[in-house]
Amino acid sequence: MAGEDKVADVLLRNSFSIDHRIFHDLSLTTSTLFQMDTLFLSPLFALILEIKNISGILEFKENPPQLIRIRPDGTVDGFECPAAQVERNVILFKEFLNQVGIDIPVIGVVVLAYPKQIVKVGPRRTKVLFPSLVPQYINSLYHLPQKIDVTTLDLLTSQLLESHQPYIPNPISEAYGIPISDFKSGVICQICGKIGMEKVFRSWCCPNCKNFDRFAHGQAIKEWFLLFRRKMSNKDCRDFLHINDIKSANRILQTMNLESHGKNRNRTYSMDFLAKMK
Numbered sequence: 061m062a063g064e065d066k067v068a069d070v071l072l073r074n075s076f077s078i079d080h081r082i083f084h085d086l087s088l089t090t091s092t093l094f095q096m097d098t099l100f101l102s103p104l105f106a107l108i109l110e111i112k113n114i115s116g117i118l119e120f121k122e123n124p125p126q127l128i129r130i131r132p133d134g135t136v137d138g139f140e141c142p143a144a145q146v147e148r149n150v151i152l153f154k155e156f157l158n159q160v161g162i163d164i165p166v167i168g169v170v171v172l173a174y175p176k177q178i179v180k181v182g183p184r185r186t187k188v189l190f191p192s193l194v195p196q197y198i199n200s201l202y203h204l205p206q207k208i209d210v211t212t213l214d215l216l217t218s219q220l221l222e223s224h225q226p227y228i229p230n231p232i233s234e235a236y237g238i239p240i241s242d243f244k245s246g247v248i249c250q251i252c253g254k255i256g257m258e259k260v261f262r263s264w265c266c267p268n269c270k271n272f273d274r275f276a277h278g279q280a281i282k283e284w285f286l287l288f289r290r291k292m293s294n295k296d297c298r299d300f301l302h303i304n305d306i307k308s309a310n311r312i313l314q315t316m317n318l319e320s321h322g323k324n325r326n327r328t329y330s331m332d333f334l335a336k337m338k
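Residue numbering for the sequence shown follows my numbering, beginning at 61 and increasing consecutively.
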């Protein structure tokens, strides 16, 4: 079960004695677009949950803000600090509330999806919880004074739903701390499902079932952007599709209706997912 689903399940299975609304993957715009994994909204307070699935031994660094993960084999990885992320979201959500004329306390916490995640050094200002502790933490906030009535809560709920915008999540390898080397690269055959179609002139051939497909690379390119990074270079394309020819990679990228950035060797390509959703 993904971390966000685990937290959603915990919240669903617990009853709370205050009026509340729960939002998942809510995306809003104030001075910039921001996304909240989970928002628990009540007449007393708003609680933003930043949920992380990064395994291993974790250290929250302050200067600069960074999350360090130490794997069992001793490998060290660095990530954007979730404490800094939720602090930023608190500021931006306060901006949104100010725009609609509502003043309630906004609190941010980091939720580590699984107890196997070990926190060696926690953040100084931000609380870190496991999913099972979230209801208990919410209950601990009941002492806060009521700031809005239920009618205003319903109006705010409507405003949030109307203001929600499509949000393209971070690539999976970045969001979940999975090294790119852990993914199997190559073009998948849509007939037999095997990975490893081979480039033959202007088509692709599956060595397993002998299926030919001129556009087999299309799905692989889309998956690359969802898995790894927002931008792809010619070399990235060649490495992922297992082709050697620079010109072939250029043709593939130029026929994918991608946005290009830079020139010559510095050129990269990106995919406009929002446009594709329309």
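C-beta: ideal position from N, C-alpha, C; glycine also.
Subject >> Own chain, CB closer than 7 Å to V210, minus 5 neighbours either side, in chain order >> reply: On the sequence shown, position 150 is the one that residue 210 refers to. Excluding sequence neighbours, V210 sits near D79, P103.
**OP:** Mind checking who Y329 pairs with in its DSSP beta bridge?
**Re:** Position 269 of the sequence shown holds residue 329. The partner list for Y329 (beta bridge, DSSP) reads M292, S320.
Original post:
Less than 7 Å separating the beta-carbons of L127 and C141?
Top reply: Residue 127 sits at position 67 when you count from the first residue of the sequence shown. Residue 141 sits at position 81 when you count from the first residue of the sequence shown. In this structure, C141 lies closer than 7 Å to L127 by Cβ.
Original post:
Between the C-alpha atoms of K66 and Y197, what's the straight-line distance to the nearest angstrom?
Top reply: By one-based count along the sequence shown, residue 66 stands at place 6. By one-based count along the sequence shown, residue 197 stands at place 137. Spanning the two alpha carbons is a distance of roughly 16 Å.
**OP:** Output the distance between the C-alpha atoms of L118 and I130, rounded to the nearest integer angstrom.
**Re:** In the sequence shown, the residue the question calls residue 118 occupies position 58. In the sequence shown, the residue the question calls residue 130 occupies position 70. When rounded, the distance between both Cα atoms is 7 Å.
**OP:** State the DSSP-derived secondary structure class of K207, mapped to helix, strand or coil.
**Re:** For the purposes of this step, residue 207 is identified with residue 147 of the sequence shown, where counting begins at 1. Here K207 sits in coil by DSSP.
Subject >> Where F300 falls: helix, strand or coil (DSSP) >> reply: The residue you call residue 300 lines up with position 240 of the sequence shown. Reduced to three states, the DSSP call for F300 is helix.
Original post:
Do we get a CB-CB distance below 7 Å when we pair A276 with the residues of chain B?
Top reply: Absent from the structure is chain B; it holds one protein chain and no more.
Original post:
Is the number of C-beta pairs between the stretch 213-230 and the stretch 263-280 that are closer than 8 Å three or more?
Top reply: no
Subject >> A173 beta carbon less than 7 Å from that of G63 >> reply: Here residue 63 refers to the residue found at position 3 of the sequence shown. Here residue 173 refers to the residue found at position 113 of the sequence shown. Yes, Cβ-Cβ distance for G63 and A173 is below 7 Å.
Subject >> Helix, strand or coil at I251 [DSSP, three-state] >> reply: Position 191 of the sequence shown, counted from the start, is the residue given in the question as residue 251. Residue state, collapsed to three classes: coil.
Subject >> For T217, three-class secondary structure by DSSP >> reply: Locating residue 217 in the sequence shown gives position 157, where the first residue counts as 1. Here T217 sits in helix by DSSP.
**OP:** Could you pull out every residue in the same chain whose Cβ sits closer than 7 Å to the Cβ of V70, ignoring the five residues on either side in sequence?
**Re:** Start at 1 with the first residue of the sequence shown, and residue 70 comes out as number 10. Closer than 7 Å at Cβ, skipping near neighbours: P191, S192, V194, P195.
Original post:
Sorted by chain position, which residues of the same chain lie with C-beta nearer than 7 Å to E238's C-beta, five sequence neighbours on each side aside?
Top reply: Residue 238 sits at position 178 when you count from the first residue of the sequence shown. Sequence inspection shows Ile at residue 238; the Glu mentioned does not correspond to that position. Within the same chain, I238 has close Cβ partners I232.
Original post:
Under a three-way DSSP split, which group does V70 fall into?
Top reply: Here the question's residue 70 lines up with position 10 in the sequence shown. The answer is helix: DSSP assigns V70 an H, G or I state.
Original post:
By Cβ distance below 8 Å, which residues in the same chain neighbour I167 in space, the five residues on each side in sequence not counted?
Top reply: Working through the sequence shown from its first residue, we reach residue 167 at position 107. Counting only Cβ-Cβ distances below 8 Å, and skipping sequence neighbours, we find F105, A106, L107, I108, V150, L201.
Original post:
Among all the DSSP beta bridges, which residues are the ones paired with L286?
Top reply: Counting from one through the sequence shown, the residue named residue 286 turns up at place 226. According to DSSP, L286 bridges with nothing at all.
Original post:
L99: which of I114, T135, V146, V179 sits nearest, CA to CA?
Top reply: Start at 1 with the first residue of the sequence shown, and residue 99 comes out as number 39. It is V146.
**OP:** Identify whether G63 lies in helix, strand or coil by the three-state DSSP scheme.
**Re:** What you label residue 63 is simply residue 3 of the sequence shown in a count that begins at 1. G63 falls in the helix class under three-state DSSP.
**OP:** Sort G246, T89, F94 by Cα distance to V160 and report the nearest one.
**Re:** Start at 1 with the first residue of the sequence shown, and residue 160 comes out as number 100. For the residues G246, T89, F94, the minimum Cα distance to V160 belongs to T89.
Original post:
Between which two residues does the alpha helix (DSSP H) harbouring I151 extend?
Top reply: Translated into the one-based positions of the sequence shown, residue 151 becomes position 91. Where I151 is concerned, the enclosing alpha helix (DSSP H) stretches over 142-159.
**OP:** Give me the Cα-Cα distance between S308 and I248, rounded to the nearest whole angstrom.
**Re:** Here residue 308 refers to the residue found at position 248 of the sequence shown. Here residue 248 refers to the residue found at position 188 of the sequence shown. Cα to Cα, the separation comes out at about 18 Å.
**OP:** Report the three-state DSSP secondary structure of T315 (helix, strand or coil).
**Re:** For the purposes of this step, residue 315 is identified with residue 255 of the sequence shown, where counting begins at 1. It is coil, neither helix nor strand.
Original post:
Tell me the DSSP bridge mates of A173?
Top reply: Position 113 of the sequence shown holds residue 173. For A173, which the question treats as bridged, DSSP gives no partner whatsoever.
Original post:
Closest to L318 by CA distance: which of I306, K291, G134 is it?
Top reply: Translated into the one-based positions of the sequence shown, residue 318 becomes position 258. When each option's Cα is compared against that of L318, the closest is K291.
Original post:
Exposed or buried, T186, counting other C-beta atoms within 10 Å across all chains shown (16 or more means buried)?
Top reply: Reading the sequence shown from its first residue, position 126 is the one you call residue 186. Buried, by the Cβ-count rule.
**OP:** Kindly identify the DSSP beta-bridge partner or partners of C339.
**Re:** Summary: the structure shown does not reach residue 339, with the chain confined to residues 61 through 338, and so no result is reported for it.
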